[in-house]
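Offset between the sequence shown (1-based) and my numbering: plus 168.
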Amino acid sequence: LAKALRQQGKQKEAEHIETRIDNLQQTRNKKEVDATKSLWDALFIDYDPAEAFDLIMDPNKKEREEEQRLKKEVKASKRAWRKIREKRFKFLDASGEMSVSSSRNY
């Protein structure tokens with residue numbers, strides 16, 4: 169395709185096609201090299217060794233930390249909502265208490 173484009177006088181298009189082909193070949197070569205790496209090389213050479221040891225010793229650490237972070241965010245959100253409700257919607261609590269107490273009388 170690049171050769172045909174050059175013969176037609178379309179140099180920019182031919183160069184563009186050649187660079188895309190080169191990029192694809194480089195990507196393919198990189199995937200082949202990554203596929204042949206051992207697990208040991210993948211863990212200790214490509215990543216931080218401390219992170220690799222954490223992964224080996226506690227494989228669920230990141231998931232657990234994410235769950236804990238989510239729980240903390242939910243608690244903080246609930247606290248913030250309670251403060252807002254107490255300041256702005258106090259009348260709802262007062263009317264709710266009155267309706268509950270009045271329903272108990274019947």
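Yeah, the Cβ is synthetic: ideal placement off N, Cα and C, and Gly gets one too. The structure presented is a predicted model; accordingly, all values stated were derived computationally and were not measured.
Hey, how far is the Cα of residue 242 from the Cα of residue 217? On the sequence shown, position 74 is the one that residue 242 refers to. On the sequence shown, position 49 is the one that residue 217 refers to. Their Cα atoms are separated by approximately 33 Å.
I'd like the span of the alpha helix (DSSP H) that includes residue 217, first residue to last. Within the sequence shown, the letter at position 49 stands for residue 217. Per DSSP, residue 217 is one residue of the alpha helix (DSSP H) stretching across 217-225.
In the structure shown, what three-state DSSP assignment does residue 259 receive? Here residue 259 is taken as the residue at index 91 of the sequence shown, counted from 1. The answer is helix: DSSP assigns residue 259 an H, G or I state.
Answer with yes or no whether the minimum CB distance from residue 182 to chain B is below 8 Å. Protein chains in the displayed structure number just one, and chain B is not present.
Got a sec, what are the start and stop residues for the alpha helix (DSSP H) residue 175 sits in? For the purposes of this step, residue 175 is taken as residue 7 along the sequence shown, with counting starting at 1. Run containing residue 175: 170-175, per the alpha helix (DSSP H) assignment.
Between the alpha carbons of residue 251 and residue 225, how many angstroms are there, rounded? Taking the first residue of the sequence shown as 1, we reach residue 251 at position 83. Taking the first residue of the sequence shown as 1, we reach residue 225 at position 57. Taking the straight line joining both Cα atoms gives about 42 Å.
Between the CA atoms of residue 232 and residue 254 - distance to the nearest angstrom: Residue numbering aside, residue 254 sits at position 86 when the sequence shown is read from its first letter. Residue numbering aside, residue 232 sits at position 64 when the sequence shown is read from its first letter. Each residue's alpha carbon lies about 33 Å from the other.
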